[in-house]
Amino acid sequence: MRRILKKIIFFMAMLCFAQSSFAQNKLAKKVTVAYNQQRLSYILEDLGKSHKLRFSYNNADLELNKKISIRLKAQPLSSVLNALCIETGLQWQQVGEQIILKPNPKRTADSEEPSKSLFQTIRGVVIDKESNMPIPGVTVAVSSADKRTSTNSEGEFRFRSIPVGRHEIEFSALGYKKTSISQVLVSSGKELVLTIPLTESITDLNVVYVSANKDVQRPLNDMATVSARSFSTEETSRYAGSAFDPARMAQSFAGVTAGNDINNDIVIRGNSSKGLQWRLEGIEIINPNHFGEEGSSAGGISMISSGMLTNSDFFTGAFPAEYGNALSGVFDLQFRKGNTEKNEYAFMAGLLGTEATVEGPFKKGGKSSYLINYRYSTLGILEQLGISPAGEGRVPIYQDLAFNLNFPTKTAGTFSLFGIGGISSQKQQAERDYTVWESLDDKFDRRFGYNSGSAGLKHLLSLNKKIYLKNILSYSGNRITDDVDSLSNTYEKSTYGRDTYINESFRYSGLVNYKVNSKNTVRAGIISSLLTFDLNSLVYKKQIDRLSNLLQAQGSAWNQESFVQWKHQFNDKLSVNSGLHASYFNLSETVSIEPRAGLNWWIKPNQQVSLGAGVHSRLEPMAFYFARNELPDGTVIESNRELSPSKALHIVAGYERSFRNRIKFKAEAYYQHLFNVPVSNDPAVNFSTINSADAYMIYARNYRALTNKGKGTNTGLELTLEKSLSQGYYFLITSSLFDSKFSPLSGKKYNTNFNSNYVGNIVSGKEWKTGSSNKNLFGINTKVVYTGGRPYTPINLEESLREDYQTVFEDQINTIRTSPYFRLDLSVNYRINRPKLSHAIFLDIQNIMNRRNELGEFFNSDKNKIEKATLAGMIPSLYYRIEF
0 MRRILKKIIF
10 FMAMLCFAQS
20 SFAQNKLAKK
30 VTVAYNQQRL
40 SYILEDLGKS
50 HKLRFSYNNA
60 DLELNKKISI
70 RLKAQPLSSV
80 LNALCIETGL
90 QWQQVGEQII
100 LKPNPKRTAD
110 SEEPSKSLFQ
120 TIRGVVIDKE
130 SNMPIPGVTV
140 AVSSADKRTS
150 TNSEGEFRFR
160 SIPVGRHEIE
170 FSALGYKKTS
180 ISQVLVSSGK
190 ELVLTIPLTE
200 SITDLNVVYV
210 SANKDVQRPL
220 NDMATVSARS
230 FSTEETSRYA
240 GSAFDPARMA
250 QSFAGVTAGN
260 DINNDIVIRG
270 NSSKGLQWRL
280 EGIEIINPNH
290 FGEEGSSAGG
300 ISMISSGMLT
310 NSDFFTGAFP
320 AEYGNALSGV
330 FDLQFRKGNT
340 EKNEYAFMAG
350 LLGTEATVEG
360 PFKKGGKSSY
370 LINYRYSTLG
380 ILEQLGISPA
390 GEGRVPIYQD
400 LAFNLNFPTK
410 TAGTFSLFGI
420 GGISSQKQQA
430 ERDYTVWESL
440 DDKFDRRFGY
450 NSGSAGLKHL
460 LSLNKKIYLK
470 NILSYSGNRI
480 TDDVDSLSNT
490 YEKSTYGRDT
500 YINESFRYSG
510 LVNYKVNSKN
520 TVRAGIISSL
530 LTFDLNSLVY
540 KKQIDRLSNL
550 LQAQGSAWNQ
560 ESFVQWKHQF
570 NDKLSVNSGL
580 HASYFNLSET
590 VSIEPRAGLN
600 WWIKPNQQVS
610 LGAGVHSRLE
620 PMAFYFARNE
630 LPDGTVIESN
640 RELSPSKALH
650 IVAGYERSFR
660 NRIKFKAEAY
670 YQHLFNVPVS
680 NDPAVNFSTI
690 NSADAYMIYA
700 RNYRALTNKG
710 KGTNTGLELT
720 LEKSLSQGYY
730 FLITSSLFDS
740 KFSPLSGKKY
750 NTNFNSNYVG
760 NIVSGKEWKT
770 GSSNKNLFGI
780 NTKVVYTGGR
790 PYTPINLEES
800 LREDYQTVFE
810 DQINTIRTSP
820 YFRLDLSVNY
830 RINRPKLSHA
840 IFLDIQNIMN
850 RRNELGEFFN
860 SDKNKIEKAT
870 LAGMIPSLYY
880 RIEF
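In terms of numbering that gives the first Met the number 0, the sequence shown has 303 at position 304, counting the first letter as 1, and numbering is strictly consecutive.
Quick look at the structure:
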């Protein structure tokens, strides 16, 4: 027995010696390698295959995505390993036939940023796009980090140690179309939490339509077919001139132009910006922008911090049936949920505002979470410290609060409480030296305030794997005050205007979604809105030389809406959406029936044809229903309280084609027929609400009662060439050719105020990895805007001098154009990752060339002449953000 045992031991020793000698001979073999900026994962795989090496390592210890270069000629294989370790900060050890790789302790100790600290967690949930149910067994792969996992029974996945930087994540499951998200940013200061919807495959489970799955801009709403795209919060900081504002970012998209440089007014396909609807968490809200005006959808600064948002949708025409009370476009914003596992904090300070964000679980181990953001005007803080950059009393002051509280339950569904609220004000004090007054505005003391708030309670309940319910109760309201005093040459005050506009809405929205099978989904719902208003406007009218009540209206109105829509997928190539939206407005006793339809056809795996059509309507601001005009003879002209909503027929045809390197071309042609548009009932006055971005046309001297007999048309072609961020750069090139006309009561056709005929945008950016182990990012972004001149109406100087009031030639409406609009924006950002926290610095300069684009002309009654009106010059913004 002892002999046998000795022989076995001797044999094993000889075998180990032979293996060691074989491995040593292998490493002594001279080879030639030429790796040029190749990923470490590729190099290890290539060495293993070419020279039969077996590597052993811990994924968390290696930066497999790091690119390195090694060039050696006729050198031992051991020298190749030494060179590889020098480049990566590793050390190697031979154990039998295995080559063990691990961090070099000396290099780690000497490193300013230990690599083990600069990893982050990526986790989330994968759901069925139509039913909202979690999908178990989905394969999730972070291809850029060579890591893979699967979702659990709750559809959840987790990666604990992902290197900071940009990554590509792929999701695949049997019976679902493969989906990927590219260049997602992972920072050391904040976990990345994702919700990924997958679309069920209809026919061949192995077919993957790359253009559909790789398109990160595809809308989140599965009922959308045309004129829609999603956007990420990172885009609001990346695009030059966006200033973390979704509306300013959207000005880069095809068919969208800026209404003004100072505010975030957006004109979509030649339509007035007041036709835009803002939604939050699935329900309509009132204008969520600071310094907003009555009836407007815009303001100087967004109340919603981009840090509160997750990916959201933006529509520019032919919306699905669930969207009512919108004429030009829809911003469908979604709040993200707070981190359910750990507390996280963010702080940002900039020239426009200073804000703080907190989030985390209500209790450790629970599923409920909170997300809260508060912001205050930086200029307001400086003024309180005695520093007033805009002059004493002129600084715009604002503050806002946003929150999203999420409470999942085991059997009763998920409850969430969300809201935003903002307060903004600005004072204008006239110079107490009348010799420097150049216009009427110079002699005004003005106090302006805009307060707005929206809040809602949402309940989401899945009855089974096919049906879910969504119910929302919400409140949304605003209060606008504008007090103006006029000064005499002895600086005595007299009341010039006292305005108070209060609008409130109480809404209920109920929705049921039924996924019948993989081919059919039905969605239906109701929206009930109680609109209350208290409108008061007292203003000095020169033609009667006294104060006059333009508005004095209090009351309420109901707007009842219902919808049903059906999505049918014939196969993975062809789908059709059809629906019907109906509404009843009790103030005018108006019923509106609005059919909608859309089609998507993938004619090839990388090419798609889309069609969309529908009727849409929008209520006018309440001021148009109740305004009155007092004439010199004592006659009072009342407005029309029976105005019907404005309506429009949208028809859109689109074509998309995807290319390699994430490049996509898109073309859309559209026709819009506007009807039931309120216009002046006086044929001599060519007023139409199409031309108004707010409700302040009621202050015009020739304002008359309105009637729904106006019309309009918008026709155009939009072209987009876009490369999503990959390989360190991106670009977005858009061009729009369009024509926008309106017809007042006379039936004649005129240019609308927004008919610039063409607009072009070139948005681009480049990103570089910097710092130790390429953990930081430096980016430069630019935006070039070129737009045709805005039309305006020539001023009748003779009549204006006689009336001491600006008077235009009514038969020459919008026959003159300004010079073409040109603007160059630039932004620079630097993201720095440190253990457990990340920093970011942003410099955003709008109109870096300080070009004063023309807006039109106005009559200066103090100088008795016509002068040019111009837009803003250079607007720089600097921000610093930290997350931990």
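No residue lacks a Cβ here, since even glycine has one placed at the ideal position from N, Cα and C.
Using the C-alpha atoms, what's the distance from G47 back to P245?
49 Å
Tell me whether the beta-carbon of K28 lies closer than 8 Å to the beta-carbon of L71.
no
Just tell me which of L796, N832, E856 and P793 has its CA closest to the CA of E772.
Correcting the residue type first, residue 772 is Ser in the shown sequence and not Glu. Of the listed residues, the one whose Cα sits closest to S772 is N832.
Out of S657, N863, S236 and D60, point me to the one whose CA is closest to S799's CA.
N863
Assign R880 to buried or exposed, taking buried as 16 or more other Cβ atoms, counted over all protein chains shown, within 10 Å of its Cβ.
buried
In the region 501-559, which residue ranges form an unbroken beta strand (DSSP E) of at least 3 residues, counting only runs that do not cross its ends?
519-540
Within 10 angstroms of its Cβ, does A211 collect 16 or more other Cβ (buried), or is it exposed?
Reliability of the predicted coordinates at A211 is poor, the pLDDT of 38 falling under 50, and the value obtained from them is presented with this limitation in mind. Per the 10 Å Cβ criterion, buried.
Contact between the region 789-808 and the region 236-255 (3+ Cβ pairs under 8 Å):
no
Just how far apart, CA to CA, sit K722 and K768?
19 Å
R816: which of A868, D861, N775 and V783 sits nearest, CA to CA?
A868
Given this structure, state the Cα-to-Cα distance separating T719 from E655, to the nearest angstrom.
9 Å
A172, DSSP secondary structure in three states:
coil
Residue burial classification, L534 (beta-carbon count within 10 angstroms, cutoff 16)
buried
By DSSP, does T87 sit in helix, in strand, or in coil?
helix
Within the continuous alpha helix (DSSP H) that includes F901, where are the two ends?
What is shown of the chain runs 0 to 883, which leaves residue 901 out entirely.
Is the Cβ-Cβ distance between K710 and F686 less than 8 Å?
no
Three-way DSSP call (helix, strand, coil) for N263 in this model
coil
Beta strand (DSSP E) runs contained entirely in the region 733-763, provided each spans 3 or more residues:
none
Per the contact definition of three or more C-beta pairs closer than 8 Å, is the region 692-711 in contact with the region 145-162?
no
Determine, using beta-carbon pairs with one atom in the region 325-340 and one in the region 570-587, whether at least three such pairs fall under 8 Å.
no
So, using beta-carbon positions, are P319 and Q607 closer together than 8 Å?
no
So M248 is in the alpha helix (DSSP H); what residue range does that whole segment cover?
P245 to A249
Thinking C-alpha only, which one of G578, I67 and Q74 is nearest G88?
I67
Work out the CA separation of I761 and D681 for me, nearest whole Å.
44 Å
Inspect the beta-carbon positions of T356 and G306 and report whether they are closer than 8 Å.
yes
So the candidates are G291, M621 and V651; which of them puts its Cα closest to the Cα of N639?
M621
Inter-residue spacing [alpha-carbon to alpha-carbon] between G578 and I812:
39 Å
Euclidean distance between Cα positions of A223 and F314:
9 Å
To which residues of the same chain is T706 closer than 6 Å at the C-beta, ignoring the five residues directly before and after it?
N680
In or out: N628 buried (at least 16 other Cβ within 10 Å) or exposed?
buried
Report all residues from its chain with a CB closer than 8 Å to the CB of A660; omit the five preceding and five following residues, and keep chain order.
Correcting the residue type first, residue 660 is Asn in the shown sequence and not Ala. Closer than 8 Å at the Cβ level, and outside the excluded window around N660, lie K722, S725 and Q726.
With H, G and I counted as helix, E and B as strand and the rest as coil, what does DSSP make of Y344?
strand
What does DSSP give as the partner residues of W600 in its beta bridges?
L573 and V608
Since K457 is in the beta strand (DSSP E), which residue starts that stretch and which ends it?
F443 to S461
Please state if the CB of G258 and the CB of A297 are separated by a distance shorter than 8 Å.
yes
What does the Cβ neighbour count give for S271, buried or exposed, with the cut at 16 atoms within 10 Å?
buried
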